[in-house]
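Residue numbers (the numbering used here): 1 to 802. Have a look at the structure below, then the notes.
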DNA sequence: CAACGACGCTCGAAA
DNA sequence: AGCGTCGTTG
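The structure is reproduced here in structure tokens:
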């Protein structure tokens, strides 16, 4: 950068923004309200640091998603004068989890690991946990793996080891969970694996207990920056504190800058501790605090709605949220009939935006304003919901109207059965101790190693303290194994060895590239043939798709290979590593790349899948929406039990987190916002009467355009549903704009359906009433002779007496 | 040993 | 409605 170049980094910034950029030494807390130009400030601050002489390799910036890290890095490079900028060499912008994974590989011995460990995802965790529970003779119904794992995860997030957890476990259940925790940890280590929580926990512990490791980190990273600080948990706090240290001797303390917004803290359930940000000033005495309150993203009405809502949180530091903009459309709120009606109305609304719906005539546009009512591209729109299950109906409607859409689910591709199978083979190659992956693939495709044989090998291996693979390799020594099974096992073991060159990855036949390895494994394992033959036999469409996906995986490996840079490892410490490499021994390059590939695959976030270049509407959960912005946003399912979620209604603490979640959703919208609630929503197949979310009632009506379209159907008047005790959505329901044509529905009071009477149902045909449940959620149990399930519990609404 | 169907349970957000 | 487990049959 030129001598005076970095001064340009302050151009166009507000006074507090500029102060934040220039504040480079000592502790700094930036409380950045939604849409206050946070990313702009962070990226310029990093560029400013480098411009004023800080070596790039001494800067560590941590985020929660790969996408956030990638964008931040990109923008810093751009500020420094292009992607080729040498000035950014060694700059580390990454996620907590990636950093920890890299550190743990480089310093495996400090954490009691081997460097080739596997990272277990949620489903691997469940599989392992289930095995452990069974091996402890506990019942999986009294101790469901899911809830046991959540208890263990909680403990880990609070940095409690199995021993410490056991010390606090008083009742029967907790003591058993402690036993599972302990056995589960041992099983993980035996499989040379760590789970997501371990990445943070083991790193935090290693930093605390291993002085040389800690010093290395402290000496390298003199400047620490953490984004979304309100969402850090105890482990992450510990990691940050340890790396920050006490600062250089004679300094004012460490150069740690944290950025966050307590009003956007939405990850309490995974251990995020809001006091990390609230107590920052106490932890770092003399810390500066800069408040970014001015919003540059949303229109005034959207902002007013958000601000009014969040003010209902009692446990909150009041914080200004303002804009100098004027004009802008009111916020739309529609009460819909049911989820199908809701999805139709959302589609209609999105189409209006796409076609350039004029602004609200009641709100005259300030001519200076840039809030153009021009048409909004699909990629500038998003639909948010509280739970993933709400996406399905929405998808149906979007597909029916040929509107392009993408669901933000980063792991979707890797969750597929065929991909998981292929990954299972790759993980075995990378880590032969990985029992969970091995048991997944050992008989997929079927190769004559069934449950009975496998259980025998497993038991034998456990008794002898060996991994499953070691057990398979010595199958000949196992007594009650059939010769057929022994032969099948021998063949399989030989095949595994063929891919790894006998485990050393040095064999002559070993592939030379990652893509080649992936391709070979898919073919030689028989996975390809398995889906091919199935595709032929049943002309099953999904198997064709599976083959395509496997091919796609080969290209993804090739792509990874092209971008992979072994030198760009944030945990590689120049100077220190050369000294160490002698002890570590050389890692075959392909193995290193394979590890990195598997790691990147496991650590993708849902938000990473958001890609505006796709030109489509983005669907995602409210949690995934944090940090993003869209010109048009629709939030669906604003009902009691959905948002706030039913499981959060008991505690005020969780309720306030739900409100923050709602706040996060609202503040993503730049120009137009639609909030919808459905009067009836089907949960687990049963339509249920809902009550509009209390959050809707908290919003300021003067900034909103509210309409109740829930009984816009003439044929419902005077029926059982016209009992109108709707919780008030609005004082003045406006007339309905273009409502989608409703599906015809006929309903009647309970007396119309005596037991034994015959009814017609639009989906299930003709049936007979078995019993009725009167009341608000009136339902009938109906017997259908033409339906597999025979007896269904249905709402009256869709029944006709015949 | 594999494939299929019936039954029963669950039903939140995620790296 | 969707999933996992169990029991039956080929």
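Glycine included, C-beta positions come from ideal geometry on N, C-alpha and C.
- For residue 10, no alpha helix (DSSP H) run applies, since DSSP gives it neither H nor E.
- Taking 3 residues as the shortest admissible run, the stretch 105-184 contains the following complete beta strand (DSSP E) segments, listed from N- to C-terminal end: 118-120.
- Straight across, the Cα-Cα distance linking residue 198 with residue 267 is about 18 Å.
- In the structure shown, residue 672 falls within a strand segment according to DSSP collapsed to helix, strand and coil.
- Residue 52 and residue 31 have their C-alpha atoms spaced approximately 24 Å apart.
- Excluding residues up to 5 positions away in sequence, 445 lie with their Cβ nearer than 7 Å to the Cβ of residue 530 in the same chain.
- Under the 8 Å Cβ criterion, the stretch 132-142 does not count as touching the stretch 97-110, having fewer than three qualifying pairs.
- In the displayed model, residue 645 falls within a strand according to three-state DSSP.
- According to the DSSP assignment, residue 487 belongs to the alpha helix (DSSP H) that extends over 483-500.
- The C-beta separation of residue 690 from residue 639 comes to about 4 Å, placing the pair in contact by the 8 Å criterion.
- Contact annotation: residue 302 and residue 666 have beta-carbon atoms nearer than 8 Å.
- Taking one beta carbon from each stretch, the stretch 332-340 and the stretch 310-320 have fewer than 3 pairs nearer than 8 Å; the two do not touch.
- In this structure, residue 202 lies near residue 111, with their beta-carbon atoms less than 8 Å apart.
- DSSP places residue 48 within a helical segment (H, G or I) once states are collapsed to three.
- Taking a C-beta distance under 8 Å as the contact criterion, residue 394 and residue 331 do not qualify as a contact pair.
- Excluding the 5 residues flanking it on each side, residue 80 has same chain C-beta neighbours closer than 7 Å at 1, 47, 50, 87, 88, in chain order.
- Residue 193 and residue 451 have their C-alpha atoms spaced approximately 24 Å apart.
- Taking a cut-off of 8 Å on C-beta distances, the stretch 248-265 touches the stretch 19-36, as three or more cross pairs fall below it.
- Taking C-beta separations shorter than 8 Å and ignoring five residues to either side along the sequence, the partners of residue 207 in its chain run 213, 214, 217, 238, 239, 242, 243, following chain order.
- Beyond the five residues adjoining it in sequence on each side, residue 296 comes within less than 8 Å, by CB distance, of 35, 36, 37, 323 in the same chain, given in chain order.
- Across the set 195, 20, 158, the C-alpha of 195 shows the shortest separation from the C-alpha of residue 436.
- Around the C-beta of residue 172, fewer than 16 other C-beta atoms lie within 10 Å, and the residue is accordingly described as exposed.
- Of 515, 551, 456, the smallest CA-CA separation from residue 591 is found for 515.
- Secondary structure at residue 687: strand, using DSSP grouped into helix, strand and coil.
- Under the three-state reduction of DSSP output, residue 63 falls in the strand class.
- Checking the DSSP bridge columns, you'll see residue 226 partnered with 62, 258.
- When beta bridges are read from the DSSP output, residue 612 appears opposite no residue.
- 8 Å or more divides the Cβ of residue 287 from the Cβ of residue 294.
- Relative to the Cα of residue 433, the nearest Cα in the group 159, 703, 119, 11 belongs to 119.
- Between the stretch 224-239 and the stretch 53-63 there are three or more C-beta pairs closer than 8 Å, enough to call the two in contact.
- Among the bridge pairs identified by DSSP, residue 336 is matched with 678.
- Taking the C-beta atoms as reference points, residue 397 is found nearer than 8 Å to residue 343.
- In the structure shown, residue 636 falls within a coil segment according to DSSP collapsed to helix, strand and coil.
- Per the Cβ contact rule, the stretch 650-662 is in contact with the stretch 306-314 (3 or more Cβ pairs under 8 Å).
- Among the bridge pairs identified by DSSP, residue 405 is matched with 617.
- Here residue 93 carries a strand assignment [DSSP, helix/strand/coil].
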